[in-house]
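There are 2 protein chains.
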Amino acid sequence: MKTDTVAILGATGAVGQEMLRILEKRDFPLRKLILLASARSAGKQLPFRGEMIPVQEARKEAFAGADIVLGAAGNEIAKTFSPAIVASGAVFVDNSSAFRLEDHVPLIVPEVNPGDIRGHHGILANPNCSTIITVTAVNALNAIAPIRSMTVSTYQAVSGAGAGGPLELAEEVEALRNGQHCAPSVFPCQIAYNVIPQIGNAQYRGYTSEEMKLQNEGRKIMHLPELKVSCTCVRVPVVRSHSISVSCHFDVPVSVEAARRVIAGAPGCLLVDDLAHNRYPTPLDTSGQDLVFVGRIRPDLTDECGITLWCCGDQIRKGAATNAVQIAELLAAEESENPEKSPW
Amino acid sequence: MKTDTVAILGATGAVGQEMLRILEKRDFPLRKLILLASARSAGKQLPFRGEMIPVQEARKEAFAGADIVLGAAGNEIAKTFSPAIVASGAVFVDNSSAFRLEDHVPLIVPEVNPGDIRGHHGILANPNCSTIITVTAVNALNAIAPIRSMTVSTYQAVSGAGAGGPLELAEEVEALRNGQHCAPSVFPCQIAYNVIPQIGNAQYRGYTSEEMKLQNEGRKIMHLPELKVSCTCVRVPVVRSHSISVSCHFDVPVSVEAARRVIAGAPGCLLVDDLAHNRYPTPLDTSGQDLVFVGRIRPDLTDECGITLWCCGDQIRKGAATNAVQIAELLAAEESENPEKSPW
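Residue numbers (the numbering used here), protein chains in the order written: chain A, 63 to 406; chain B, 63 to 406.
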């Protein structure tokens, strides 16, 4: 499809600004970039391909002429503007969770289910950040044998809470250095030198909204409607990149050697797995790049049909901005391959 | 048994100094305290009950007259001195991992298996810190139905690596603040604003020595010889208190209500479990006290016979010093109840 004009909704946030950088870095085939944000941010300018692009207030009329709108705003903003975006003829690639589980809204990790973009009706959804990272890591295992269930504990960076997360962590570290107390506002309690076992709100049987995403979104992305996931999401005082401890359970034994081999060859993954030489993924190592690093691959000692692993990825890049731009690239590629499949 | 004279082997380390404070705080029935450490620390003085006690060099002759020796040193020191300690007639309550899995060495969490002290031959072992915290949290569930297996991911504080851990974290935070590079020596890579999925060395099928302790020690403490534990141990930039994400699997369904009820009444546990009001354990909340806080109790969504929970405890206190002093208290109480059971 045509991708001459791309708009970013929520351009001044952490994910929006990263989308700008990723579009430039990946040389996305666009001629015009429209930056949209709240009235408060209108008038700011952001750099793109050597020029400063002004930020405009997001209004319904602002989407006229756009081919693709990359959504980097929250659920309410996404819901507010989606009718105008679709009516304008643009395709909305939305990073919020507003539409992810809706029928006819493909939920895409390009390395996993690129073909699912064909079913869209003007909206495609970018999955949750931890879900993207986990699914990118384990999808190759799913090709050996369908994943029946996963037990997951996360170690999520403060930047996952938006630009205010790293600021609050830095302020708390500085306050403690000066013998002062912390006054948390972004997080429910002090995150400096602490971990917090709550991300999102209570949603289902004692699990938070964030914890349920991996099951609900993972089912849709990997085409595993019966997948069961028990997840514990924890905020850690890391600036950037989420880490995830995963045990995957199958109906048949999967060898560590096979698991390591398919992950080494899996798109979007980098195998970093040599415990004896202190080589394994850490969030610092994965920050500022697009691959999901996977290591600590070993048998699950509780289940002869299980594989345990550890993965890390930059949740603002692969977990959000890069994945969205990759979806836009799939749309761009559709034109030449299947022009008749375009919904417009 | 008689406990008039207590020696601490490794008195100047983080755990040793904490033992001193716990003996004082719990008003342990002793008349004389002997502080032993390496030649390098000999001559230092440490406060106890308003007096300064000199630290002596640990030599084989130093244990003469001791009734109980609390070991707060590493495996090699423990192995070196254990024959002299036992020969002197003292009981050695050792925090190292040197003897934990040996037959005739009881491995004790006083809330869980106090009766096991009866089988000792002069040495009792204090379990691994994460193991103590986890077992204290889940033992009440084991009374409802035997635990078949556990899937565990840990969030372990830097002080678990000894006094050098918090120093290295502080130095790294300061270096980064000044735009300098980190030069890790205690940890295999930068721990400030990072997490490291390795504690201990590669030991068994891709698991580290630290990761195998929960299975091997848990089996012995909870009298569950078939228990299977799949553990991922991760260092996090927290100064003190370990946090543990646990899924327990049983052969029969265990309700969340029953789990919450028995944990609320379990010795050594404090139930902190109200997600809707942001109440759950964090390592900051548990630092500097002796209870294991347990929360986020919910069904395991992958297993109808599973319970998932989150627990935190001060690994220097309940995970080491307090547990050792509690073992010494069990020995002290033995005198009056069963004087004939004393091995001496």
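Positions of the beta carbon are idealized from the N, C-alpha and C atoms, including for glycine.
Does the distance from the CB of ASP313 (chain B) to the CB of ALA207 (chain B) come in under 8 Å? For the purposes of this step, residue 313 (chain B) is taken as residue 251 along the second sequence, with counting starting at 1. For the purposes of this step, residue 207 (chain B) is taken as residue 145 along the second sequence, with counting starting at 1. ASP313 (chain B) is a Cβ neighbour of ALA207 (chain B), given a cutoff of 8 Å.
Round the Cβ separation of TYR311 (chain A) and ARG210 (chain A) to the nearest angstrom and send it over; I've been treating them as touching at under 8 Å. Reading the first sequence from its first residue, position 249 is the one you call residue 311 (chain A). Reading the first sequence from its first residue, position 148 is the one you call residue 210 (chain A). The sequence as given places His at residue 311 (chain A); Tyr does not occur at that position. HIS311 (chain A) to ARG210 (chain A), Cβ: 5 Å. Contact.
Residue ranges of each alpha helix (DSSP H) run of no fewer than 4 residues wholly in the stretch 258–305 of chain B, ordered along the chain? Listed in chain order, the complete alpha helix (DSSP H) runs (minimum 4 residues) inside the stretch 258–305 of chain B are 271–283.
Sequence-distant residues of the same chain with beta carbon closer than 6 Å to ASN400 (chain A), five excluded per side: The sequence position of residue 400 (chain A) within the first sequence is 338, counting from 1. Here ASN400 (chain A) scores only 47 on pLDDT, less than 50, and its place in the model should not be relied on; the value that follows carries that caveat. The answer is none, since no qualifying residue turns up.
Leaving out the 5 sequence neighbours to the left and right, which residues in its chain are closer than 8 Å to GLU273 (chain B) when beta-carbon positions are compared? Numbered from its first residue, the second sequence carries residue 273 (chain B) at position 211. Contacts found: ILE261, GLY262, GLN265, CYS293, THR294 and CYS295.
Helix, strand or coil for GLY133 (chain A) per DSSP? Within the first sequence, numbered from 1, the residue matching residue 133 (chain A) stands at position 71. In the three-state DSSP reduction, GLY133 (chain A) falls in the strand class (E or B).
Between B:ALA69, B:ALA326, B:ILE389 and B:LYS64, which lies nearest to VAL200 (chain B) when the distance is taken from Cα to Cα? For the purposes of this step, residue 200 (chain B) is taken as residue 138 along the second sequence, with counting starting at 1. Residue B:ALA326 is the option with its Cα nearest to VAL200 (chain B).
Short CB-CB distance (under 8 Å) between LYS403 (chain B) and chain A: As a first step, residue 403 (chain B) is located in the second sequence; it is residue number 341 there, counting from the start. Any reading at LYS403 (chain B) is ruled out, since the residue's pLDDT is 44, under 50, leaving its predicted position unreliable.
Specify the secondary structure class of ILE378 (chain A) as computed by DSSP and reduced to three states. As a working note, residue 378 (chain A) is residue 316 in the first sequence. ILE378 (chain A) sits in coil when the DSSP states are folded into three classes, being neither helix nor strand.
Note down the Cα distance separating ALA219 (chain B) from VAL300 (chain A), rounded to an integer number of angstroms. Start at 1 with the first residue of the second sequence, and residue 219 (chain B) comes out as number 157. Start at 1 with the first residue of the first sequence, and residue 300 (chain A) comes out as number 238. Those two C-alpha atoms are separated by around 14 Å.
Can you give me the C-alpha to C-alpha distance between ALA135 (chain A) and ILE70 (chain A), rounded to a whole angstrom? For the purposes of this step, residue 135 (chain A) is taken as the residue at position 73 of the first sequence. For the purposes of this step, residue 70 (chain A) is taken as the residue at position 8 of the first sequence. Looking at the two C-alpha atoms, the distance is approximately 9 Å.
Count the CB pairs spanning the stretch 172–179 of chain B and the stretch 333–343 of chain B that are closer than 8 Å, and state whether there are at least three. Result no; under three Cβ-Cβ pairs closer than 8 Å.
For TYR342 (chain B): DSSP bridge partner residues: Taking the second sequence and counting its residues from 1, the one referred to as residue 342 (chain B) is at position 280. Residue pairing by DSSP places TYR342 (chain B) in no beta bridge whatsoever.
Could you tell me which residues DSSP pairs with GLU113 (chain A) in its beta bridges? The count along the first sequence starts at 1 and reaches residue 113 (chain A) at position 51. Residue pairing by DSSP places GLU113 (chain A) opposite A:PHE110 in a beta bridge.
At a cut-off of 7 Å, is ALA383 (chain A) close to the ligand ATP when judged by its beta-carbon and the heavy atoms of the ligand? The ligand ATP is absent from the structure shown, which contains no ligand whatsoever.
Please state the DSSP three-state secondary structure of GLN252 (chain B). Working through the second sequence from its first residue, we reach residue 252 (chain B) at position 190. Coil.
According to the Cβ coordinates, are ASN137 (chain B) and ASN188 (chain B) closer than 8 Å? Along the second sequence, read from residue 1 onward, the residue named residue 137 (chain B) stands at position 75. Along the second sequence, read from residue 1 onward, the residue named residue 188 (chain B) stands at position 126. No, the Cβ-Cβ distance between ASN137 (chain B) and ASN188 (chain B) is not below 8 Å.
Would you mind stating whether ILE185 (chain A) and LYS380 (chain A) have Cβ atoms separated by less than 8 Å? Numbered from 1 along the first sequence, position 123 holds the residue referred to as residue 185 (chain A). Numbered from 1 along the first sequence, position 318 holds the residue referred to as residue 380 (chain A). Pairing ILE185 (chain A) with LYS380 (chain A) gives a Cβ-Cβ distance that is not under 8 Å.
I want to see whether chain B comes within less than 8 Å of VAL200 (chain A), judged by CB atoms only; does it? In the first sequence, residue 200 (chain A) corresponds to position 138, counting from 1. No Cβ of chain B is located within less than 8 Å of the beta carbon of VAL200 (chain A).
Check whether chain A comes within 8 Å of GLY350 (chain B), counting only Cβ atoms and requiring the distance to be less than that. Here residue 350 (chain B) is taken as the residue at index 288 of the second sequence, counted from 1. No - not a single Cβ of chain A is within 8 Å of the one on GLY350 (chain B).
Apart from the five residues just before and just after LEU132 (chain A), which ones in its own chain have a Cβ nearer than 6 Å to its Cβ? Mapped onto the first sequence, residue 132 (chain A) falls at position 70. These residues qualify, in order along the chain: ILE70, MET81, VAL155 and ALA386.
Sequence-distant residues of its chain with Cβ nearer than 6 Å to ALA140 (chain B) (five each side left out): Indexing the second sequence from 1 puts residue 140 (chain B) at position 78. These residues qualify, in order along the chain: GLY133, ASP156, SER158 and ALA160.
Based on Cα-Cα distance, which residue from B:GLY127, B:SER100, B:ALA128 and B:ARG162 lies nearest to GLN118 (chain B)? For the purposes of this step, residue 118 (chain B) is identified with residue 56 of the second sequence, where counting begins at 1. Minimum Cα distance to GLN118 (chain B) is reached at B:SER100.
Just verifying my parser: in three-state terms, what is the DSSP assignment at GLN242 (chain A)? One-based indexing of the first sequence puts residue 242 (chain A) at position 180. In this structure, DSSP gives GLN242 (chain A) a state outside helix and strand, which the three-state scheme calls coil.
Rounded to the nearest angstrom, what separates CYS367 (chain B) and PRO315 (chain B) at their Cα positions? By one-based count along the second sequence, residue 367 (chain B) stands at place 305. By one-based count along the second sequence, residue 315 (chain B) stands at place 253. Taking the Cα positions, CYS367 (chain B) is about 4 Å away from PRO315 (chain B).
Can you name the start and end residues of the beta strand (DSSP E) that LEU332 (chain B) belongs to? Here residue 332 (chain B) refers to the residue found at position 270 of the second sequence. Annotation for LEU332 (chain B): the continuous beta strand (DSSP E) segment containing it runs 331–333.
Does GLU173 (chain A) pass the burial test, meaning 16 or more other C-beta atoms within 10 Å, or should it be called exposed? Residue 173 (chain A) sits at position 111 when you count from the first residue of the first sequence. Buried, by the Cβ-count rule.
Just to confirm, is the Cβ distance from ALA328 (chain B) to ALA202 (chain B) under 8 Å? Position 266 of the second sequence holds residue 328 (chain B). Position 140 of the second sequence holds residue 202 (chain B). When the beta-carbon positions are compared, ALA328 (chain B) and ALA202 (chain B) come within less than 8 Å of each other.
Once the 5 residues before and after ALA126 (chain A) are set aside, which same chain residues still bring their CB inside 8 Å of it? In the first sequence, residue 126 (chain A) corresponds to position 64, counting from 1. Taken in chain order, the residues that qualify are SER150.
Residue nearest to GLU288 (chain B) in terms of C-alpha spacing, selected from B:VAL298, B:GLN277 and B:TYR217: In the second sequence, the residue the question calls residue 288 (chain B) occupies position 226. Residue B:GLN277 is the option with its Cα nearest to GLU288 (chain B).
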